[in-house]
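S.K.: This is the structure, below, for whatever I ask next.
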Amino acid sequence: MPRLKNEAIQDKLTRKAVVLEHCPRRRKKEKRKKTKGFSAKQRREMRLFEIKPEQQKYELFLPLHELWKQYIRDLCNGLRPDAQPQMIQAKLLKADLHGAIVTVTKSKCPSYVGITGIILQEMKHIFKIITKEDKLKVIPKINNVFSLEVDGFISHIYGSKFQLRASERSAKKFKAKGTIDL
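Our numbering numbers the first residue of the sequence shown as 43 and each following residue consecutively.
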């Protein structure tokens, strides 16, 4: 600007905005990378979901069953005798079953009928159950009917209609359909 005359300088200053300081551009915040969980292969190698034989004791999981019963009572607002069975059944379908005592009442495979135990793990297609004899049984859901008993209320669950993970099942809307024969 030193080459311009005063009039030209005044003319430039009056018609335009002059930036007196240099404003640095705002830096974009760096996004934190979410830590990824283990892959399925890593989980199998680490044996995360295996229950060690010395921990396969029925008595160890009785407190889990007591917690589950309290959870169901809170979920169903006290399981009063005047409560509607359909409402309790609908809430049981969406409830988490880890810790529930279940019995296989009907099955295409006769060796499964009568097995009773506490559910330790529930996966998409199977239940892992610990029996009173301290044996860990893996029972498929398909072609089996399970019964749950909570404070005198007995509920039957058709495993073929129940083939979801617990987390997926809580968000699913179940439709009333006719029962299926085994």
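Virtual Cβ for every residue (Gly too), placed ideally from N, Cα, C.
Just so you know, these numbers come straight off a predicted model, no measurement behind them.
May I ask which residues mark the beginning and end of the alpha helix (DSSP H) holding residue 107?
M.R.: Residues 104-117.
S.K.: Helix, strand or coil for residue 191, going by three-state DSSP, please let me know.
M.R.: If DSSP states are grouped into helix, strand and coil, residue 191 belongs with the strands.
S.K.: Looking only at C-alpha atoms, which of 204, 192 and 208 sits nearest to residue 163?
M.R.: Cα-wise, what sits closest to residue 163 is 208.
S.K.: What residue from 63, 171 and 91 has the CA that sits closest to residue 100's CA?
M.R.: Minimum Cα distance to residue 100 is reached at 171.
S.K.: Do residue 147 and residue 158 have their CB atoms nearer than 7 Å?
M.R.: The answer is no: Cβ separation not under 7 Å.
S.K.: Just to confirm the assignment, what range does the beta strand (DSSP E) spanning residue 126 have?
M.R.: Per DSSP, residue 126 belongs to no beta strand (DSSP E) and is neither H nor E.
S.K.: To the nearest angstrom, how far is it from the Cα of residue 82 to the Cα of residue 92?
M.R.: Roughly 13 Å separates the two Cα atoms.
S.K.: Since residue 206 and residue 197 should fall inside the 8 Å C-beta cutoff, what is the C-beta to C-beta distance between them, to a whole number of angstroms?
M.R.: That belief does not hold up - the Cβ atoms of residue 206 and residue 197 are roughly 17 Å apart, past 8 Å.
S.K.: Run through DSSP, which three-state label would residue 141 get?
M.R.: Of the three classes helix, strand and coil, the one that applies to residue 141 here is coil, per DSSP.
S.K.: For the beta strand (DSSP E) containing residue 163, list its first residue and its last residue.
M.R.: Looking at the DSSP string, the run of the beta strand (DSSP E) that includes residue 163 is 158-164.
S.K.: Counting beta carbon pairs with one atom in the segment 123-139 and one in the segment 148-155, are three or more of them shorter than 8 Å?
M.R.: Output reads no: the segment 123-139 does not touch the segment 148-155.
S.K.: Kindly indicate which three-state DSSP category residue 100 falls into: helix, strand or coil?
M.R.: If DSSP states are grouped into helix, strand and coil, residue 100 belongs with the helices.
S.K.: Specify, as a first and last residue, the run of the alpha helix (DSSP H) that residue 83 falls within.
M.R.: Residues 82-88.
S.K.: Here's the rule I'm using: 16 or more other beta-carbon atoms within 10 Å means buried, otherwise exposed. How should residue 80 be labelled?
M.R.: Exposed, because fewer than 16 other Cβ atoms sit within 10 Å of the Cβ of residue 80.
S.K.: Where does residue 153 fall in DSSP's three states?
M.R.: Looking at residue 153 - three-state DSSP - the assignment turns out to be coil, as it is neither helix nor strand.
S.K.: Under a Cβ-count criterion, where at least 16 other Cβ atoms within 10 Å of its own Cβ denotes burial, should residue 142 be classed as buried or exposed?
M.R.: Residue 142 is buried by the Cβ-count criterion.
S.K.: State the DSSP-derived secondary structure class of residue 95, mapped to helix, strand or coil.
M.R.: Helix.
S.K.: Output the boundary residues of the alpha helix (DSSP H) element that contains residue 210.
M.R.: Here the alpha helix (DSSP H) through residue 210 covers 208-211.
S.K.: Ordered along the chain, which non-local residues of its own chain (more than five positions away) have a Cβ less than 7 Å from that of residue 43?
M.R.: Confidence at residue 43 is low in this model, with a pLDDT of 47, below 50, so the placement of that residue is unreliable and no value is reported for it.
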